[in-house]
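Here's the structure we're looking at; comments come further down.
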Amino acid sequence: MLPDIITMIPIYIMGRKYEVPQGLTILKAMEFAGYELRRGCGCRGGVCGACVTMYRKRGTYQLNVGLACQTVTEPDMYLMQLPFVPAHKAIYAIKSVLANDSNIIKLYPELMRCLQCNTCSKSCPMELDVMGYVAAAMRADLEKVVELSMECVMCGMCAARCPAELSPFNIALLIRRMYGRYVLPASPQLERRLNEIREGKFAEEIEHLKKADEAEMIERFKEFQATKGEAAVELTKGKP
Amino acid sequence: MGQSFPLLNLAEKALLLETYHPDFRLAEKREIPVGPNKGGLAPKELVDLLESPSRLVPEAIDLTEVGYKTDVLIIGSGGAGVTAALTARETGAEVLLATKLRLGDSNTIMAEGGIAAATLPDDSPVIHYVDTMVGGRGKNTPELVDALVNDAPFIVEWLTSLGVNFDRLPDGSYYAHMPAGHSRRRSHSVKDLTGLEFMRVLCDEVRNRQIDVLEFSPAVELLLDDQGQCAGAVLFDFDTEQYFPVEAKATILATGGMGRLHPQGFPTSNHYGATADGLIMAYRAGAPLLYIDFVQYHPTGVAWPEQMLGLLVSEAVRAQGAQVVSADGEIFVDRLETRDALSAAIIRECGERGKGVLTPTGMVGIWLDTPLIDLMGGEGTFMRRFAGIHGRFKKYGIDPIHEPILIYPTQHYQNGGIRVNINGETDIPNLYAAGEVAGGVHGHNRLGANSLVDIFVFGRRSGTHAAQKVGGVEIGKWSLEHVRAYNTSLMEAAIASEISSPMLLPDYRYERALSTVQHTKGR
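As you go down the protein sequences, you meet chains A and B in turn. Residue numbering for the first sequence follows the numbering used here, beginning at 1 and increasing consecutively. Residue numbering for the second sequence follows the numbering used here, beginning at 241 and increasing consecutively.
This is the structure we're talking about:
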């Protein structure tokens, strides 16, 4: 039984009307309506992109986009989920794709067809500046692409809506991978640590600890805790 | 600001856990009536599934029509599954990756905080080892922890080489923070989107390597041959609703945890598909479970707004300075206690002490004082580190930069799982388990940031080992005989279950969609 305090509102799932309690997300409203979701539902926490949904509100011309798990229903919403988008993804070996613009264009030549119409940005449920990162990709500003696309949940809505037929989210993914592998500086400290492990520097002590009793383990733990310093250092504002 | 609360000593912590931690409520556990762990305890929600017959009626499926044949079948496509697939392929095996929902759908994608690895100069695998053992209450399998801490820095290198954009300091060194229970800064992050970045890159790599992926095809039972070796699995096609067998020389279970069973009625931070399928299949096939009655409740699940109930607020938020505060504005526990102790303290504060905050839907929560982050770290710190968290709250008119948020413990992780060795091998020949579905490495309580490293370490180890082994594997005549035998043992124990398993997906239809009704029962 529903609690008395709940107010019901009408929504339309693929054109069919349902009465659902006010305040539910689109995802829960669909479940309340009786849908057992297999496609169109994933993490339920706004990061996986499975539940991207297009909707119009009655009486308005705008076409809206939102993640079903994050968007609260409103009266007279007309909903359609888009659980799969046939997007283009180039196949490449990251080991041989160096970070430069010619490789981006080689893998995604259609990038230059961008009309700068901004439909992609307007279609992004994460409200990313998609057109901004596509423009940055065109001028091979990799850092800008990383910055503007980092929160992309790969739902594919930009690819579904792009009149120039780009798959912007896959282009951004290529560039983020190039940037992470080739542009971010290597860490000499990590290399030192890997060598220490290869040389077996810690092996003897860990072998000993594997047989240590609880008292010794706790003693060592206290010793390490006493010298632990600050939990977090501040990330620098500038880029590395 | 600048206030602190003394860390609990070990005796105080033990008493707090025994009195308030959900794991110690014996009434919430039941004995497993049949199988390798017969007589052992497990959360009653899991026992309900373990003592139900298979959803697959062995007589109703034609096993002569083999759907696929492969060297290595990987079930599940979170961090452990995709890593096992990539590694097995790299080692030269033919690979089939089957997954219940889409490629990459998993708890991994939701991980905000970071991946633990002793990379910084003041850290070492020795310290990581000790922290992990103490965090696990000394119950961890030492060999597994040894593998975990020594492989961890190599995982950071591997992910970087694949193009993961780890947070860095100006000199190129890795930025790392110190989650609760760790003695050094060693959690490597990608803002608050660490798992999302990992999965985007790894799934892209799976596609680049053109590995065969079967989406919307959950496994429902394993196949065993006449020698008792695992010989693959029966998958269920979610679209056509047909069952079909896949024959494999090695099978790697990477199906994740049990959050969507909602142990003890708790909300969960877990993915929609976290329904313990791997545990059920492996157990029916005869694989023992380890520490399966130990469940992790993350202290900072969202209590309000209702739409976000149970979702996680990363532990990194506390590492960055946010305090946990009662309705009276008092600090009652150190913000960097381990997850088990902090959850117990919050449950005590909201329950017995009556210092919780009542939400409009009848939940009780406690304050997480997020504005401290900018007050201590300078304006802009919260946005630089936690833009994702900010965005999710902002949709509901809550600004965590300037106002505290309400939290309550949420089911987060299954500490135990299928017993494995350092190669990810279970007790069943040719059956492997990696990631949350496996047990032992975390003992009774996992430390933050140790699961993101676990999935890669044991995903790689099981993928490599399986691929190397398959050349010498001869599969005999396989069947679902063990499923029949298990069903019979249930009948002999006079157990009448109204459900079947594995569950595959939780049922949230109709009134169950109103989670306040569902998840607050049993508190």
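Cβ atoms here follow ideal geometry from the backbone N, Cα and C, with glycine treated the same way.
query                                                                                                                                                                                          : result
Select from the stretch 559-585 of chain B all residues with a C-beta closer than 8 Å to any C-beta belonging to chain A, and list them in chain order.                                        : Ala559, Gln560, Gly561, Leu576
Less than 7 Å between C-beta atoms, sequence neighbours within five positions excluded: which residues of the same chain meet that for Asp129 of chain A?                                      : Ser121, Leu148
Below 8 Å on C-beta distance, what does Met178 of chain A contact in chain B?                                                                                                                  : Gly403
Return the residue from the list A:Ser102, A:Asn100, A:Met138, A:Tyr133 that minimises the CA-CA distance to Arg113 of chain A.                                                                : A:Met138
Can you check whether the CB of Met350 of chain B is closer than 8 Å to the CB of His538 of chain B?                                                                                           : no
Could you work out which residues of chain A lie near Glu397 of chain B, taking near to mean beta carbons separated by less than 7 Å?                                                          : Leu190, Leu194
Whose C-beta lies closer than 7 Å to the C-beta of Ala581 of chain B among residues of the same chain, with five residues either side of it excluded?                                          : Leu248, Lys253, Leu256, Leu257
Determine the chain A residues that contact Phe478 of chain B at a beta-carbon separation under 9 Å, and present them in chain order.                                                          : Arg38, Arg39
Using the Cβ count rule (16 or more neighbours within 10 Å means buried), how would you classify Tyr55 of chain A?                                                                             : buried
Take the Cβ of Lys237 of chain A as the centre, count every other Cβ of all protein chains shown within 10 Å, and call the residue buried at 16 or more, exposed below.                        : For Lys237 of chain A, the pLDDT reaches just 44, beneath the cut-off of 50, and the residue's location in the model is therefore unreliable, leaving the point undetermined.
List, in chain order, every chain B residue whose beta-carbon is nearer than 8 Å to that of Ser167 of chain A.                                                                                 : Ordered by position in chain B, no residue passes the 8 Å Cβ test against Ser167 of chain A, which lies about 12 Å from the chain.
Within this structure, are the beta carbons of Asn661 of chain B and Arg176 of chain A separated by less than 8 Å?                                                                             : no
Compare the beta carbon distance of Thr73 of chain A and Leu142 of chain A with 8 Å and say whether it is the shorter of the two.                                                              : no
Mind checking which residues open and close the alpha helix (DSSP H) that includes Tyr531 of chain B?                                                                                          : Note, Tyr531 of chain B: premise wrong, no alpha helix (DSSP H); not H, not E.
Less than 8 Å between CB atoms is the rule here; does Gly511 of chain B satisfy it with respect to chain A?                                                                                    : Residue identity check: residue 511 of chain B is His in the sequence provided, not Gly. Answer yes: the Cβ-Cβ gap between His511 of chain B and chain A drops below 8 Å somewhere.
Between the alpha carbons of Cys69 of chain A and Gly45 of chain A, how many angstroms are there, rounded?                                                                                     : 7 Å
Comparing the C-beta of Pro365 of chain B with each C-beta of chain A, is any distance below 8 Å?                                                                                              : yes
Measuring only between beta-carbons, confirm whether Ala325 of chain B sits less than 8 Å from chain A.                                                                                        : no
What residue range does the beta strand (DSSP E) around Val697 of chain B cover?                                                                                                               : Segment 690-709 is the alpha helix (DSSP H) holding Val697 of chain B; no beta strand (DSSP E) there.
Secondary structure at Val430 of chain B, three-state DSSP: helix, strand or coil?                                                                                                             : coil
Counting only Cβ pairs nearer than 9 Å, list the residues of chain A close to His684 of chain B.                                                                                               : Near His684 of chain B there are no residues of chain A at all, since even the closest Cβ is about 13 Å away, more than 9 Å.
Kindly list the residues whose CB is nearer than 8 Å to the CB of Asp345 of chain B, restricted to its own chain and excluding five residues on each side of it in sequence; keep chain order. : Ser317, Gly318, Thr339, His511, Tyr512, Gly513
Nearest to Cys43 of chain A by alpha carbon, out of B:Asp614, B:Val446, B:Gly499?                                                                                                              : B:Gly499
By DSSP's criteria, Ala387 of chain B is part of a beta bridge. Which residues make up the other side?                                                                                         : According to DSSP, Ala387 of chain B bridges with nothing at all.
Could you work out which residues of chain B lie near Ala50 of chain A, taking near to mean beta carbons separated by less than 8 Å?                                                           : Leu341, Arg342, Asp345
Does Phe394 of chain B get closer than 8 Å to chain A when you measure Cβ to Cβ?                                                                                                               : yes
Using only CA atoms, which one of A:Phe84, A:Thr60, A:Glu199, A:Leu115 lies nearest to Pro156 of chain A?                                                                                      : The displayed chain sequence assigns Gly, not Pro, to residue 156 of chain A. Ranking the options by Cα distance to Gly156 of chain A, first place goes to A:Phe84.
Report the partner residues of Asp465 of chain B according to the DSSP bridge assignment.                                                                                                      : B:Trp718
Roughly how many angstroms lie between the CA atoms of Glu223 of chain A and Asp386 of chain B, to the nearest whole one?                                                                      : 20 Å
Under 8 Å by Cβ, that's how I've got Ala706 of chain B and Tyr672 of chain B pegged, so tell me the actual separation to the nearest angstrom.                                                 : 6 Å
When the cut-off is 8 Å and only beta carbons count, does Ala186 of chain A lie next to chain B?                                                                                               : yes
Does the count of Cβ pairs from the stretch 350-360 of chain B and the stretch 536-555 of chain B closer than 8 Å reach three?                                                                 : yes
Just curious, the beta strand (DSSP E) that Lys122 of chain A is in, first and last residue?                                                                                                   : It is not in any beta strand (DSSP E) - Lys122 of chain A instead sits in the alpha helix (DSSP H) that spans 119-123.
Please list, in chain order, the chain A residues whose beta carbon lies closer than 8 Å to that of Ala753 of chain B.                                                                         : Leu24, Lys28, Ala29, Glu31, Phe32
Name, going along the chain, the residues of the stretch 500-524 of chain B whose beta-carbon falls closer than 9 Å to a beta-carbon of chain A.                                               : Ser509, Asn510, His511, Tyr512, Gly513
Beta carbons nearer than 8 Å to chain A: which residues of the stretch 455-468 of chain B have them?                                                                                           : Phe456
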